[in-house]
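Report on one structure; see the data block that follows.
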Amino acid sequence: MKESENIGETLYSWAKDLFPICRSITGPGVRDTLKYLKNIIPELQIHSVPSGTKAFDWVVPDEWVIRNAYIEDESGNRIVDIKENNLHVVGYSVAIDAWMSLSNLEKHLYSLEDQPTAIPYVTSYYNRNWGFCLAHEQRLSLRDEQYHVVIDAELKKGVMNYGEIVIKGESSEEILLSTYICHPSMANNELSGPVVTTGIAQWISSLEARRYTYRIIFIPETIGSIVYISQHEEHLKRHTSAGYVITCIGDDRAYSFLPSRKGNTLADRAAEYVLNNYIDEYSRYTYLERGSDERQYCSPNINLPVCSVMRSKYGTYPEYHTSLDDLSLISPDGLRGGFNVIKKIIKVLEFNHFYKGNTSCEPQMGKRGLYPDISVKNSSGYDEANVILNILAYADGCHDLVQIAEIIEEDFFIVHDVARRLVTHGILEKQ
738 MKESENIGET LYSWAKDLFP ICRSITGPGV RDTLKYLKNI IPELQIHSVP
788 SGTKAFDWVV PDEWVIRNAY IEDESGNRIV DIKENNLHVV GYSVAIDAWM
838 SLSNLEKHLY SLEDQPTAIP YVTSYYNRNW GFCLAHEQRL SLRDEQYHVV
888 IDAELKKGVM NYGEIVIKGE SSEEILLSTY ICHPSMANNE LSGPVVTTGI
938 AQWISSLEAR RYTYRIIFIP ETIGSIVYIS QHEEHLKRHT SAGYVITCIG
988 DDRAYSFLPS RKGNTLADRA AEYVLNNYID EYSRYTYLER GSDERQYCSP
1038 NINLPVCSVM RSKYGTYPEY HTSLDDLSLI SPDGLRGGFN VIKKIIKVLE
1088 FNHFYKGNTS CEPQMGKRGL YPDISVKNSS GYDEANVILN ILAYADGCHD
1138 LVQIAEIIEE DFFIVHDVAR RLVTHGILEK Q
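According to our numbering, the residues represented by the sequence shown are 738 to 1168, in order.
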């Protein structure tokens, strides 16, 4: 992707295209979403996992196909219609075509009393049930009469789909980027993750050289990560140096960070360095406040170094899991900011190395043109020499560049550039 492109507008246009699709953990909506993304990144491989496939303690469920869903009153007026908003039907509802009283229908209605204009997002993946979601103010307006309830849906043996891109680097060590594609029309909680991740995949592919290999996956949340880990467990354990769940990264509010279970991995340190030094403020949560696929990647028997960088964290903003999480909640600026933070984290990972000095005591820098000929207090040359000396003081093969930048309180990318210069002068060597 060219740097001159307005990345925020591009990401937002993708989100607009994907917003109407009715997604779930399986079914045509997932496939349509993956096909759209594959048009942008042709390297994307779309995989299918059959229903009934066992993955650790879980089993891939039957595939859900939803064709229509509505409620009509006695006059034939459609008062709830999935074609108006695909959050209106409970995810994974079984088929029904029946007339019933309001009292019986009420048992299958879901609304939010404290958010009377919002349609809630409700699912029943693993229990056969059916239901409708609607704004509470609309629910209160229902008259005591008979209603025609129709859900044209099918649960059948099929597949669960996910997408995967592996972008090779110089090393077999990998950075894992994981995002989910299983929610219907919600913008920040669902679509910001896939569109930012797609933009990042394009940018990584455009790099002339890559230190790491990048494993980028688009999966249904929870069951998708469990299945993916079960299929790649040993490889992920051997090769994952750092990983990030990318979600809720498109609004204009403050940034958020949720650490890995260990909390001190390379993934954690790179993310927190960027957030601490390039973002005005952010909210730091604990692993006890987890709620997405980091639960699977970081589980004790898997133990991958995976954390999450977000804008408004899932579950913390009022629009979460409702129809209010629409395209007005995200913005080109919000998506651009999320994209740039993930991009900068990856740059830190790419440039972060251990270095060690080649001389005992300080090297003679003057003969290499690295020290000012005349030492003048507060001169810029003297300051630059101090940066060099401070880097050399901690370039012991035990401190990486992130640690050195934090210790000497200097910008990471300046530290990186100086370290590279010192390598060309034979003063440092990369470990």
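For glycine and all other residues, C-beta sits at the position ideal for the given N, C-alpha and C. Because the structure is a prediction, the values reported are computed rather than measured.
Based on the DSSP output, what are the partners of residue i in its beta bridges?
{"i": "I902", "result": "I953"}
{"i": "N805", "result": "D889"}
{"i": "F994", "result": "R1021, V1046"}
{"i": "Q939", "result": "Bridge partners of Q939: none, in fact."}
{"i": "L914", "result": "I953, Y981"}
{"i": "V896", "result": "P787"}
{"i": "Q782", "result": "E901"}
{"i": "T1059", "result": "P857"}
{"i": "Q883", "result": "S838"}
{"i": "C870", "result": "Y847"}
{"i": "L1165", "result": "G1094"}
How would you call residue i, buried or exposed, if buried means at least 16 neighbouring beta carbons within 10 angstroms?
{"i": "N743", "result": "exposed"}
{"i": "S1112", "result": "Here the model assigns S1112 a pLDDT of 45, short of 50, so the residue's position is not dependable, and the following value carries that caveat. Its Cβ having fewer than 16 others within 10 Å, S1112 is exposed."}
{"i": "H972", "result": "exposed"}
{"i": "T1161", "result": "exposed"}
{"i": "R760", "result": "buried"}
{"i": "A752", "result": "buried"}
{"i": "D834", "result": "exposed"}
{"i": "E780", "result": "exposed"}
{"i": "C985", "result": "buried"}
{"i": "A946", "result": "exposed"}
{"i": "E746", "result": "exposed"}
{"i": "T1023", "result": "exposed"}
{"i": "L1107", "result": "buried"}
{"i": "K1050", "result": "buried"}
{"i": "R1021", "result": "exposed"}
{"i": "E1056", "result": "buried"}
{"i": "R880", "result": "exposed"}
Check whether the Cβ atoms of residue i and residue j sit closer than 8 Å, and answer yes or no.
{"i": "G1094", "j": "A1142", "result": "no"}
{"i": "Y862", "j": "P798", "result": "yes"}
{"i": "I1181", "j": "L1072", "result": "Nothing about residue 1181 can be read from this structure; the chain reaches only from 738 to 1168."}
{"i": "T1059", "j": "A855", "result": "yes"}
{"i": "L774", "j": "F955", "result": "yes"}
{"i": "Q883", "j": "S838", "result": "yes"}
{"i": "V1043", "j": "V1139", "result": "no"}
{"i": "L1064", "j": "F756", "result": "yes"}
{"i": "W795", "j": "I960", "result": "yes"}
{"i": "N826", "j": "I803", "result": "According to the sequence as given, residue 826 is Val; it is not Asn. Yes, Cβ-Cβ distance for V826 and I803 is below 8 Å."}
{"i": "R1048", "j": "G1075", "result": "yes"}
{"i": "Y1010", "j": "V896", "result": "no"}
{"i": "V786", "j": "V964", "result": "yes"}
{"i": "G980", "j": "L913", "result": "yes"}
{"i": "I941", "j": "I904", "result": "yes"}
{"i": "F1091", "j": "G1134", "result": "yes"}
{"i": "H976", "j": "S1036", "result": "no"}
{"i": "E927", "j": "H920", "result": "yes"}
{"i": "V886", "j": "L944", "result": "no"}
{"i": "D810", "j": "I819", "result": "no"}
{"i": "E907", "j": "H784", "result": "no"}
{"i": "S1169", "j": "N822", "result": "Lying outside 738 to 1168, the shown extent of the chain, residue 1169 is not represented and no answer is given."}
{"i": "I1079", "j": "I937", "result": "yes"}
{"i": "K894", "j": "S967", "result": "no"}
CB-CB under 7 Å to residue i, same chain, minus the five flanking residues each way: which ones, in chain order?
{"i": "I758", "result": "G766, D769, T770"}
{"i": "G1163", "result": "N1095"}
{"i": "S962", "result": "S915, I956, D1030, Q1033, Y1034"}
{"i": "P1100", "result": "I1164"}
{"i": "V1152", "result": "I1128, L1138, I1141, A1142"}
{"i": "F793", "result": "I963, S967"}
Between residue i and the rest of its own chain, which residues show a CB-CB distance below 8 Å, the 5 nearest in sequence each way excluded?
{"i": "K974", "result": "I1039, N1040, L1041"}
{"i": "K1081", "result": "V1011, Y1015"}
{"i": "C870", "result": "L824, H825, V826, V827, L846, Y847, S848, I856, P857, Y858, V859"}
{"i": "D1070", "result": "G745, D989"}
{"i": "E970", "result": "I1039"}
Kindly list the residues whose CB is nearer than 6 Å to the CB of residue i, restricted to its own chain and excluding five residues on each side of it in sequence; keep chain order.
{"i": "I777", "result": "T935"}
{"i": "S1068", "result": "D989"}
{"i": "Y1054", "result": "none"}
{"i": "Y858", "result": "L824, H1058"}
{"i": "D1017", "result": "none"}
{"i": "I888", "result": "A806, S830, A832, I833, W867"}
{"i": "E891", "result": "V802"}
{"i": "N925", "result": "C985, G987, D988, D1062, L1066, I1067"}
{"i": "P996", "result": "D1005, Y1024, C1044"}
Any C-beta of chain D sitting closer than 8 Å to the C-beta of residue i?
{"i": "I856", "result": "In the structure shown, chain D cannot be found, because there is only a single protein chain."}
Checklist entry - Could you give the uninterrupted runs of the beta strand (DSSP E) lying entirely in the region 785–864, keeping only those of 3 residues or more? => result Complete beta strand (DSSP E) runs here, min 3: 800–809, 815–818, 833–838.
Checklist entry - Which runs of the beta strand (DSSP E) fall wholly inside the region 1110–1162 and span at least 3 residues, in chain order? => result Entirely contained in the region 1110–1162, the beta strand (DSSP E) runs reaching 3 residues are, in chain order, 1133–1137.
Item to check | Continuous alpha helix (DSSP H) assignments of at least 4 residues falling wholly in the region 1074–1102 | outcome: You should have found no qualifying run.
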